[in-house]
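Written out below as structure tokens is the structure these notes cover.
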Amino acid sequence: MARHHIVRTSALLSSICTAALLASAPGTASAQSAESVRSAPASGDIIVTARRTEERLQDVPLSIAAISSKDMAEKGVTDLQDIANYTPGLRFTDFLSKFNGNAVIRGLSQTNVQNAVGNTGVFIDGIYLQRGYMVDSQLGDVQRIEVVKGPQSALYGQNTFSGAINYVLNEPTDELHASGRASVGNGGYTDVRAAVGGPIVPGILSGRIYYATADFDGVWKNNFPGAGSSGMADFGGYKRRNFSASLKLTPTDGMAITGTYYRLTRNEKIRAFYTIDGNLREDQLNCGAVGSNGSPYLWCGNLPSSPAGKRSGENADHYPDGLFAAPQPGMRAKTEMYHVAAEYAFSPDWTFNYDFGRVRGEGIEQSSFASNSYYLDESSFRLPGQSPTFSMQREAGLMKYTSHDARLAFDNGGPFTFDFGYFRSKTSDAFLFGLRLGMQPGGPVLSDNWDPLDDGGVILFNNRRTNYKIDSGYGRVGLKLLDDQLTLGAEARYTHTELSTIDMQTPDLPALEADYNNLTPRFSIRYEPSMDMMFYASAAKGVKAGGFNGYVTGSVELLPEERAYGEEVNWTYEVGTKGSLFNNRFNYSLAAFYIDWQKRQISAPPANYVPPVDSTQGGGAVPGAYISGGSAESYGVELTANYRVSTPLTLNGSFAWQHATAKDGAVAPTASSTCDDIVCRTDGNVAGNYLGNVPQFQGTFGFDYRTPVNDSLDFFMGADEIYRGKMYVDETNTASTAAYFLTNARVGVSADRWKGFFWVKNLLDEKYAEASFVVPSIFQYNVNLGDRRTFGVTLTFDY
Numbered sequence: 002m003a004r005h006h007i008v009r010t011s012a013l014l015s016s017i018c019t020a021a022l023l024a025s026a027p028g029t030a031s032a033q034s035a036e037s038v039r040s041a042p043a044s045g046d047i048i049v050t051a052r053r054t055e056e057r058l059q060d061v062p063l064s065i066a067a068i069s070s071k072d073m074a075e076k077g078v079t080d081l082q083d084i085a086n087y088t089p090g091l092r093f094t095d096f097l098s099k100f101n102g103n104a105v106i107r108g109l110s111q112t113n114v115q116n117a118v119g120n121t122g123v124f125i126d127g128i129y130l131q132r133g134y135m136v137d138s139q140l141g142d143v144q145r146i147e148v149v150k151g152p153q154s155a156l157y158g159q160n161t162f163s164g165a166i167n168y169v170l171n172e173p174t175d176e177l178h179a180s181g182r183a184s185v186g187n188g189g190y191t192d193v194r195a196a197v198g199g200p201i202v203p204g205i206l207s208g209r210i211y212y213a214t215a216d217f218d219g220v221w222k223n224n225f226p227g228a229g230s231s232g233m234a235d236f237g238g239y240k241r242r243n244f245s246a247s248l249k250l251t252p253t254d255g256m257a258i259t260g261t262y263y264r265l266t267r268n269e270k271i272r273a274f275y276t277i278d279g280n281l282r283e284d285q286l287n288c289g290a291v292g293s294n295g296s297p298y299l300w301c302g303n304l305p306s307s308p309a310g311k312r313s314g315e316n317a318d319h320y321p322d323g324l325f326a327a328p329q330p331g332m333r334a335k336t337e338m339y340h341v342a343a344e345y346a347f348s349p350d351w352t353f354n355y356d357f358g359r360v361r362g363e364g365i366e367q368s369s370f371a372s373n374s375y376y377l378d379e380s381s382f383r384l385p386g387q388s389p390t391f392s393m394q395r396e397a398g399l400m401k402y403t404s405h406d407a408r409l410a411f412d413n414g415g416p417f418t419f420d421f422g423y424f425r426s427k428t429s430d431a432f433l434f435g436l437r438l439g440m441q442p443g444g445p446v447l448s449d450n451w452d453p454l455d456d457g458g459v460i461l462f463n464n465r466r467t468n469y470k471i472d473s474g475y476g477r478v479g480l481k482l483l484d485d486q487l488t489l490g491a492e493a494r495y496t497h498t499e500l501s502t503i504d505m506q507t508p509d510l511p512a513l514e515a516d517y518n519n520l521t522p523r524f525s526i527r528y529e530p531s532m533d534m535m536f537y538a539s540a541a542k543g544v545k546a547g548g549f550n551g552y553v554t555g556s557v558e559l560l561p562e563e564r565a566y567g568e569e570v571n572w573t574y575e576v577g578t579k580g581s582l583f584n585n586r587f588n589y590s591l592a593a594f595y596i597d598w599q600k601r602q603i604s605a606p607p608a609n610y611v612p613p614v615d616s617t618q619g620g621g622a623v624p625g626a627y628i629s630g631g632s633a634e635s636y637g638v639e640l641t642a643n644y645r646v647s648t649p650l651t652l653n654g655s656f657a658w659q660h661a662t663a664k665d666g667a668v669a670p671t672a673s674s675t676c677d678d679i680v681c682r683t684d685g686n687v688a689g690n691y692l693g694n695v696p697q698f699q700g701t702f703g704f705d706y707r708t709p710v711n712d713s714l715d716f717f718m719g720a721d722e723i724y725r726g727k728m729y730v731d732e733t734n735t736a737s738t739a740a741y742f743l744t745n746a747r748v749g750v751s752a753d754r755w756k757g758f759f760w761v762k763n764l765l766d767e768k769y770a771e772a773s774f775v776v777p778s779i780f781q782y783n784v785n786l787g788d789r790r791t792f793g794v795t796l797t798f799d800y
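In the working numbering, each residue carries its 1-based index in the sequence shown increased by 1.
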């Protein structure tokens with residue numbers, strides 16, 4: 002393995018050295034002309050709107066990452082996992098079915114991935130996307146994506162507990178403009194996008210329409226017999242469609258009204274995965290307490306990167322080659338958004354903004370995590386007489402969201418600025434989760450029931466309808482001192498939340514209701530000794546709403562005190578510096594942070610839950626209930642930098658170290674039956690352990706080389722080495738996914754109006770475990786694998 006990494010690093014360094022030699026070769030400098038400047042990397046003046054006003058990225062006293070649509074296209078970015086690979090301190094996984102998209106910033110990973118409110122808020126043009134099945138929107142008409150780290154409650158609301166991700170869409174302009182992009186690649190990959198816009202009534206009304214379609218079969222083969230005829234010859238494929246249309250009205254100077262309609266549909270296959278199932282003779286868990294079937298409950302160490310690493314050696318004939326799973330429905334989702342944004346600068350100093358948003362999202366996944374055993378006869382099972390059946394999971398949701406946001410801002414160019422506003426939103430969220438037991442092996446898992454409100458005949462663990470009503474007032478002030486070198490800032494939001502949940506498993510009982518009131522301030526100080534250097538410090542409070550477990554979970558009746566869980570809170574403290582050196586050839590952003598996380602929403606078994614004597618075959622799954630208890634902390638360092646070695650050659654890199662651990666009160670809910678006081682504590686105490694789904698180290702290193710071929714054509718090439726460190730599956734810190742490296746590269750040519758290039762992701766075809774989730778009470782780990790090598794050719798035009 003060490004030699005493999007040396008070869009990988011040597012290859013990347015050789016490419017960089019080759020590019021450097023090209024940059025310094027005779028004739029290169031003299032060939033530098035105005036034509037080549039247009040393709041050189043930007044000087045660092047990136048404009049972002051993360052704080053709801055246009056600012057230079059280098060001037061914002063926050064840790065922000067921004068990636069443009071151009072960079073996304075060249076790097077082959079197709080989803081939020083790709084974005085996370087290039088963003089220090091961001092981790093994203095949507096597990097196996099892609100239903101519960103979960104973004105983690107700075108180690109604040111949530112236990113309840115089915116929660117309607119995530120720790121990281123995701124937005125399109127500032128309009129909130131509440132559910133995990135809605136958040137992955139790379140296919141849209143995106144100008145750039147901004148990742149803002151730390152609580153952003155004052156400006157975005159309480160749903161930005163650890164940070165925010167904002168997709169910024171392209172707006173209509175008063176110039177006729179058409180653009181497009183077409184990509185083809187291995188695994189049946191096709192991606193076609195087109196946009197056209199311009200004046201409808203010159204100077205008054207402009208418009209833009211956009212359509213995109215992307216299809217992918219996948220690059221991990223499924224060896225289930227007849228999988229191809231059942232539509233799942235490969236894992237991880239998808240069909241995605243996106244349409245958006247917008248109009249911009251500018252009836253007078255200083256006034257602009259923009260209306261946008263956005264629609265995204267997704268049809269997703271289950272990701273490449275395998276299951277370690279302690280109920281089977283073929284599989285072999287290796288630590289923890291031993292269950293009634295003779296199998297240990299837990300896995301200790303790095304999870305294997307293929308199912309071969311889990312084999313016990315028994316029933317070898319029951320193992321197919323490679324990956325194997327019954328064809329299954331997968332996940333479907335649809336998101337629609339209506340957004341009206343109005344801006345009126347009614348005087349040189351005053352601006353009024355109003356945003357209206359309406360979002361409707363629905364998603365449903367139907368999947369089975371039984372894999373890599375044929376389940377053909379009783380000899381597969383550890384307990385005699387067990388029937389060879391398995392279960393299918395069904396998760397579904399329907400969400401409707403409406404928001405109004407009005408804001409008044411004052412800025413006369415002097416030392417004092419402020420803005421204040423009022424926000425109201427209403428959300429209706431329906432969610433159900435359950436299992437269908439007794440599924441017969443040997444054939445595909447079929448279902449044509451895609452109604453998100455229909456339980457589909459499963460045994461339900463959760464079936465709830467929740468309404469949120471939020472009213473909040475917010476404000477921000479800034480004061481510049483010392484000839485504008487020093488800026489003091491303060492912002493705050495007061496929020497009143499009304500929450501009402503109907504447990505559909507007990508529809509005759511009254512709705513569960515709660516009110517929450519909180520104040521979320523943020524304070525910052527910025528010192529800018531020159532235009533090329535800035536230092537800052539900030540302190541911010543984040544709050545995430547509480548919720549309800551319902552009256553029952555599964556068949557277990559909950560005690561009155563177990564029916565609800567409260568808000569969780571964090572204080573984030575950050576210091577940093579941004580700037581440029583060497584005549585703007587070296588740009589950097591460095592931040593250090595500490596987060597104190599209190600009242601965590603963690604899982605706990607209900608008091609009335611009695612584990613069955615025989616927990617095999619899915620019947621032993623512990624029903625989910627959540628409490629506000631325990632604390633955690635996270636601290637670390639983040640660095641991004643780029644250095645323009647010469648006009649053609651730029652080096653870039655990023656690094657993140659985050660130390661996220663549980664503190665007092667944190668418990669593992671099934672530890673009493675699964676731990677043995679050797680690998681983990683039977684009392685469930687996990688204080689001092691790392692939080693799950695958080696890599697301690699992340700980093701990238703790469704280069705970008707661009708040079709003119711002639712007066713009308715440029716050549717470019719680049720490569721990036723991506724590193725993600727070891728990551729524990731949960732807070733017992735027993736099982737983990739190993740660290741991995743990925744190499745991505747691109748090479749192509751560009752002109753004023755078009756560009757063509759070849760790209761590849763995971764160049765060395767690394768096989769790695771990307772994420773996992775564990776259900777220890779039924780002896781089961783589900784391990785999803787990252788995509789193998791993907792490559793393709795892309796052509797873009799811009800007129």
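The C-beta atom is built at its ideal place from N, Cα and C for all residues, glycine as well.
First and last residue of the uninterrupted alpha helix (DSSP H) at residue i
| i | result |
| --- | --- |
| T675 | A672 to T675 |
| S70 | S70 to E75 |
| A85 | L81 to N86 |
Backbone secondary structure at residue i - three-state DSSP
| i | result |
| --- | --- |
| Y1 | The shown model of the chain, from 2 to 800, leaves out residue 1, and the question about it has no answer. |
| G457 | coil |
| Q599 | strand |
| P308 | helix |
| S31 | In this prediction, S31 has a pLDDT of 35, which is less than 50 and means its spatial position is unreliable; nothing more can be read from the coordinates. |
| Y320 | coil |
| A327 | coil |
| A407 | strand |
| I628 | strand |
| E176 | coil |
| A669 | coil |
| M135 | helix |
| V123 | strand |
| G229 | helix |
| E1 | The chain is shown from 2 up to 800; residue 1 falls before or after that span and cannot be answered. |
| S556 | coil |
| P606 | coil |
| P297 | strand |
| I779 | helix |
| D504 | strand |
Reference residue i, options the options, closest by Cα
| i | options | result |
| --- | --- | --- |
| E366 | S429, E344 and L399 | L399 |
| K470 | A770, G151 and Y517 | Y517 |
| E529 | D485, Y495 and G543 | D485 |
| L248 | Y423, G204, Y87 and T488 | G204 |
| F124 | L170, K99, A155 and R107 | L170 |
| A752 | Y691, F716 and Y724 | F716 |
| L286 | W300, N268, F524 and F274 | W300 |
Anticipated Cβ contact below 8 Å, residue i with residue j, distance rounded
| i | j | result |
| --- | --- | --- |
| P453 | E363 | 5 Å |
| P696 | K727 | 7 Å |
| L97 | S368 | 7 Å |
| G289 | P297 | 5 Å |
Pair within 8 Å by beta-carbon distance, residue i and residue j
| i | j | result |
| --- | --- | --- |
| A343 | I258 | yes |
| P865 | R209 | Any question about residue 865 goes unanswered here, given that the chain covers just 2 to 800. |
| A213 | N243 | yes |
| N187 | T791 | yes |
| T276 | A179 | no |
| A493 | A165 | no |
Range covered by the beta strand (DSSP E) that runs through residue i
| i | result |
| --- | --- |
| Q144 | V143 to K150 |
| T251 | It is not in any beta strand (DSSP E) - T251 carries neither H nor E in the DSSP assignment. |
| L821 | Within the shown structure, residues of the chain are numbered from 2 to 800, placing residue 821 beyond reach of any answer. |
| L572 | Correcting the residue identity first, residue 572 is Trp in this sequence and not Leu. It spans E569 to L582 - the beta strand (DSSP E) in which W572 sits, taken as one unbroken run. |
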